[in-house]
Amino acid sequence: MASTTLFSFRLSLNPLHHQQTTRPKSLLSSPRTNPRLVSSINNHLALTRVTYPLLQSHSAPKRRFHVYSDGESSESLVSDATYQEEFSWSSVILPFLFPALGGLLFGYDIGATSGATISLQSPELSGISWFKLSAIQLGLVVSGSLYGALLGSLVAFAIADFLGRKKQLITAALLYLFGGVITAYAPELGVLLAGRLLYGLGIGLAMHGAPLYIAETCPSQIRGTLVSLKELFIVLGILLGYFVGSFLIETVGGWRFMYGFSAPVAVLMGLGMLTLPNSPRWLLLRAVQGKGSFQDLKEKAIFSLSKLRGRPPGDKESERQVEETLVSLKSAYADKESEGNFLEVFQGPNLKAFIIGGGLVLFQQITGQPSVLYYAGPILQSAGFSAASDATKVSVVIGLFKLLMTWIAVLKVDDLGRRPLLIGGVSGIALSLVLLSAYYKFLGGFPLVAVGALLLYVGCYQISFGPISWLMVSEVFPLRTRGKGISLAVLTNFASNAVVTFAFSPLKEFLGAENLFLLFGAIAILSLLFIIFSVPETKGLSLEDIESKILK
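For what it's worth, the numbering used here labels the leading residue of the sequence shown as 9, then goes sequentially.
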């Protein structure tokens with residue numbers, strides 16, 4: 009809620025002071041005035057402040073008046089967590105939608121691959137002569153996009169700040185397009201794997217650029233909602249992949265259509281990004297780095313911000329916001345080289361940001377989400393759900409539940425805040441993992457316990473680690489090193505994903521399901537302690553406020 013600050017004076021009832029206040033000019037201007045008496049009057053005329061709440065408004069920013077001893081006053085603009093920026097909802101939709109399609113295409117690949125691998129290995133339905141794939145070859149098909157995403161994260165680290173957020177997402181769309189088309193028309197396994205790698209490169213760039221562009225261009229009061237909605241688009245993509253796979257599973261060469269379906273979506277993403285302006289914060293970053301005409305880049309940033317907010321070109325409010333961001337950036341670049349080097353990401357506030365963001369995406373993977381979902385089919389079957397015998401139907405059911413819980417997180421993230429959702433969600437994850445371990449140890453006769461634990465895990469993951477990790481990653485890094493910092497966080501995410509994927513089978517054989525879930529439960533408790541003691545609340549703060557108030 010916004011507030012306004014009024015000033016009043018405290019007047020003593022002492023008759024002497026009352027007398028003096030009726031003749032302030034003669035007393036205060038007299039050369040014979042007793043200094044102690046003036047001090048006493050000033051103390052009794054002490055300035056006090058009363059704050060009254062106002063209704064939320066998308067109007068002019070709050071103002072604070074400073075009163076000086078010589079009687080002059082000045083007005084300054086205030087930026088804080090309660091400031092409600094003026095914007096048009098219609099102008100916010102497209103700058104969110106087109107970057108979010110990068111997340112949708114990432115999720116689609118996950119969903120479509122589950123059906124494509126079945127089609128690819130079928131003697132009757134594959135439509136190819138090389139359908140007899142070894143376990144290693146099949147593993148390369150499935151994880152080819154993951155390797156590409158790892159490589160894409162490294163590429164993003166090197167070129168993100170040079171290309172800019174907009175061009176990076178356009179490049180990701182092109183890689184999605186070429187990767188999907190090459191995979192769909194692959195005449196042999198080698199070409200198919202090349203297509204999968206290209207598509208993965210697109211994933212790496214998109215998962216870096218999308219949260220970055222959305223966070224830097226949207227109003228701070230809805231940043232949490234929009235970045236979390238990107239996670240919802242990933243889940244939508246997974247569901248879309250499942251549905252397309254189910255529809256085409258009986259088609260000869262269906263795997264080609266499953267992978268090729270991503271191409272038109274990639275075209276839409278690329279064309280849409282061409283219509284959007286560059287991130288104003290990136291333009292100002294280039295200006296402060298001396299990568300072009302300072303005045304020209306500043307004017308482009310003002311025009312870009314005006315367009316993103318649905319305001320007239322070059323309006324005063326956009327100009328004011330750009331000036332405030334410039335002050336923050338100039339302070340960050342004082343006495344430093346124009347561009348941050350590699351080691352700077354691991355120093356000072358940047359290291360603190362990487363510990364927060366990198367820690368969250370690491371725990372997101374090593375608390376065992378893929379491993380838990382591996383047991384979804386057997387758990388549902390044991391509870392008497394006949395549809396669980398169909399892996400695709402199980403995937404769709406779980407996907408719909410994930411979608412519902414992610415939507416709840418989207419609705420609440422800017423209301424409750426990041427920390428409550430993380431703490432509550434990860435506590436539920438730890439509890440669900442302990443229950444799953446108990447089910448496989450000594451509660452095997454109570455399948456509903458396992459079903460409840462499974463749904464608890466999925467639901468708690470989708471209101472915590474799922475959307476909030478990527479939201480925090482997009483928020484906490486200082487603008488000076490944001491491109492490199494986020495690329496390292498994305499690299500951490502995909503690298504830990506790869507480790508968990510490859511380690512799952514041997515761990516399952518060595519430990520058994522009951523001890524594997526207990527191990528993941530212990531890791532979940534560690535992640536909960538990490539969140540409680542290391543992860544700050546960023547709700548309502550601008551990116552500049554996060555940098556100045558939390559990372560210092």
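Here a beta-carbon is modelled for each residue, glycine too, at the ideal position from N, C-alpha and C.
Spatial distance of M480 from I136 (CA atoms): By 1-based counting over the sequence shown, the position of residue 480 is 472. By 1-based counting over the sequence shown, the position of residue 136 is 128. Cα to Cα, the separation comes out at about 45 Å.
query: For R319, does the three-state DSSP call read helix, strand or coil?
result: As a first step, residue 319 is located in the sequence shown; it is residue number 311 there, counting from the start. The answer is coil: DSSP assigns R319 none of H, G, I, E or B.
field: Own chain, CB closer than 6 Å to N501, minus 5 neighbours either side, in chain order
entry: Position 493 of the sequence shown, counting from 1, holds the residue named residue 501. The answer, listed in chain order, is V369.
- prompt: Using CA coordinates, which residue listed in A503, G147, L128 and F170 is at the minimum distance from F265?
  reply: Along the sequence shown, one-based indexing puts residue 265 at 257. Comparing Cα positions, the closest option is L128.
Alpha-carbon spacing of S161 relative to E332, whole angstroms: Residue mapping note: residue 161 aligns to position 153 of the sequence shown, counting from 1. Residue mapping note: residue 332 aligns to position 324 of the sequence shown, counting from 1. Computed Cα separation, rounded: 31 Å.
- prompt: What are the complete alpha helix (DSSP H) segments, minimum 4 residues, inside the stretch 447-497?
  reply: 455-471 and 473-484
query: For the candidate residues G548, G249 and L524, whose alpha-carbon lies nearest to that of S228?
result: Working through the sequence shown from its first residue, we reach residue 228 at position 220. Minimum Cα distance to S228 is reached at G548.
- prompt: Measuring CB to CB, does V235 end up less than 8 Å from I222?
  reply: Here residue 235 refers to the residue found at position 227 of the sequence shown. Here residue 222 refers to the residue found at position 214 of the sequence shown. Going by C-beta atoms, V235 is nearer than 8 Å to I222.
message: Tell me which residues share the same chain as L206 and place their Cβ nearer than 6 Å to its Cβ, disregarding the 5 neighbours each side in the sequence.
response: As a first step, residue 206 is located in the sequence shown; it is residue number 198 there, counting from the start. The answer, listed in chain order, is L183, F186 and G187.
- prompt: Nearest to G376 by alpha carbon, out of F409, K410 and A438?
  reply: Taking the sequence shown and counting its residues from 1, one reaches residue 376 at position 368. Residue A438 is the option with its Cα nearest to G376.
message: Between the alpha carbons of L284 and L102, how many angstroms are there, rounded?
response: Translated into positions along the sequence shown, residue 284 becomes position 276. Translated into positions along the sequence shown, residue 102 becomes position 94. Roughly 8 Å separates the two Cα atoms.
- prompt: How many angstroms separate the CA atom of F170 from the CA atom of L463?
  reply: Residue mapping note: residue 170 aligns to position 162 of the sequence shown, counting from 1. Residue mapping note: residue 463 aligns to position 455 of the sequence shown, counting from 1. Computed Cα separation, rounded: 43 Å.
- prompt: For G172, which of S339, A295 and L148 has the nearest alpha-carbon?
  reply: Along the sequence shown, read from residue 1 onward, the residue named residue 172 stands at position 164. For G172, the nearest C-alpha among the options comes from A295.
message: I'd like to know whether the C-beta atoms of G6 and I257 end up nearer to each other than 8 Å.
response: In the structure displayed, the chain extends from 9 to 560; residue 6 sits before or after that span and is not available.
field: Short Cβ contact (8 Å threshold) for L113 with G198
entry: Within the sequence shown, numbered from 1, the residue matching residue 113 stands at position 105. Within the sequence shown, numbered from 1, the residue matching residue 198 stands at position 190. The answer is no: Cβ separation not under 8 Å.
- prompt: From H66 to I540, what does the alpha carbon distance come to, in whole angstroms?
  reply: Walking along the sequence shown from the start, residue 66 turns up at place 58. Walking along the sequence shown from the start, residue 540 turns up at place 532. Legend: pLDDT at H66 = 36, less than 50; position of this residue unreliable, value from coordinates given subsequently. The straight-line gap from Cα to Cα measures roughly 33 Å.
- request: Go through its chain and collect everything with a Cβ distance to L252's Cβ below 7 Å, but skip five positions before and after it.
  value: As a position in the sequence shown, residue 252 is number 244, starting the count at 1. Checking the sequence, you will find Val at residue 252 rather than Leu. A120, M266 and F269, listed in sequence order.
task: Assuming V353 contacts L430 (C-beta within less than 8 Å), just tell me the rounded distance between them.
output: Residue mapping note: residue 353 aligns to position 345 of the sequence shown, counting from 1. Residue mapping note: residue 430 aligns to position 422 of the sequence shown, counting from 1. About 23 Å; that fails the 8 Å criterion.
query: Can you tell which of V273, L276, P272 and L316 has its C-alpha closest to the C-alpha of R289?
result: As a working note, residue 289 is residue 281 in the sequence shown. Of V273, L276, P272 and L316, the residue nearest in Cα terms is L316.
task: May I ask you to report which of helix, strand or coil DSSP gives N286?
output: In the sequence shown, residue 286 corresponds to position 278, counting from 1. Three-state DSSP puts N286 in coil, outside helix and strand.
query: In whole angstroms, what is the alpha-carbon distance linking L559 and D553?
result: The sequence position of residue 559 within the sequence shown is 551, counting from 1. The sequence position of residue 553 within the sequence shown is 545, counting from 1. The straight-line gap from Cα to Cα measures roughly 9 Å.
- request: Count the CB pairs spanning the stretch 517-533 and the stretch 440-449 that are closer than 8 Å, and state whether there are at least three.
  value: yes
task: Since I believe G152 is in contact with L201 (beta carbons under 8 Å), could you give me their beta-carbon distance rounded to a whole number of angstroms?
output: By one-based count along the sequence shown, residue 201 stands at place 193. By one-based count along the sequence shown, residue 152 stands at place 144. About 5 Å separates the two Cβ atoms, so the contact holds.
field: Own chain partners of F473 with C-beta closer than 6 Å, once the 5 adjacent residues on each side are dropped
entry: On the sequence shown, position 465 is the one that residue 473 refers to. Excluding sequence neighbours, F473 sits near Q372.
query: What do you get for K410, buried or exposed, if any count of 16 or more other CB atoms within 10 angstroms of its CB means buried?
result: Here residue 410 is taken as the residue at index 402 of the sequence shown, counted from 1. The residue is buried, with at least 16 neighbouring Cβ atoms inside 10 Å.
Alpha carbon of T509 to alpha carbon of V380, nearest angstrom: As a working mapping, residue 509 is identified with position 501 in the sequence shown. As a working mapping, residue 380 is identified with position 372 in the sequence shown. For T509 and V380, the distance between alpha carbons rounds to 12 Å.
task: Determine the direct distance from the alpha carbon of D323 to that of T154, and round the result to whole angstroms.
output: Counted from its first residue, the sequence shown places residue 154 at position 146. Counted from its first residue, the sequence shown places residue 323 at position 315. Note that residue 154 is Leu in the sequence shown here, rather than Thr. Computed Cα separation, rounded: 44 Å.
query: Is the beta carbon of E522 less than 8 Å from the beta carbon of Y448?
result: Residue numbering aside, residue 522 sits at position 514 when the sequence shown is read from its first letter. Residue numbering aside, residue 448 sits at position 440 when the sequence shown is read from its first letter. Going by C-beta atoms, E522 is nearer than 8 Å to Y448.
- prompt: When we look at the beta-carbon of F450 and count the other beta-carbons within 10 Å, is it buried (16 or more) or exposed?
  reply: Indexing the sequence shown from 1 puts residue 450 at position 442. It is exposed - the Cβ of F450 has fewer than 16 other Cβ atoms within 10 Å.
task: Less than 8 Å between the CB atoms is what I'm expecting for G110 and G217, so what's the real figure, rounded?
output: For the purposes of this step, residue 110 is taken as the residue at position 102 of the sequence shown. For the purposes of this step, residue 217 is taken as the residue at position 209 of the sequence shown. Sure, about 7 Å apart at Cβ, within 8 Å.
field: L551 to L337 span [Cα, whole Å]
entry: As a position in the sequence shown, residue 551 is number 543, starting the count at 1. As a position in the sequence shown, residue 337 is number 329, starting the count at 1. The straight-line gap from Cα to Cα measures roughly 11 Å.
query: Taking the alpha-carbon positions, what's the P69 to N286 distance?
result: In the sequence shown, residue 69 corresponds to position 61, counting from 1. In the sequence shown, residue 286 corresponds to position 278, counting from 1. Model confidence at P69 stands at a pLDDT of 39, short of 50, so the residue's coordinates are unreliable and nothing is read from them.
field: Any C-beta of chain C under 8 Å from that of K315
entry: Chain labels in this structure do not include chain C; a single protein chain is all it has.
task: Please confirm whether P320 and F311 have their CB atoms less than 8 Å apart.
output: Here residue 320 is taken as the residue at index 312 of the sequence shown, counted from 1. Here residue 311 is taken as the residue at index 303 of the sequence shown, counted from 1. In this structure, F311 does not lie closer than 8 Å to P320 by Cβ.
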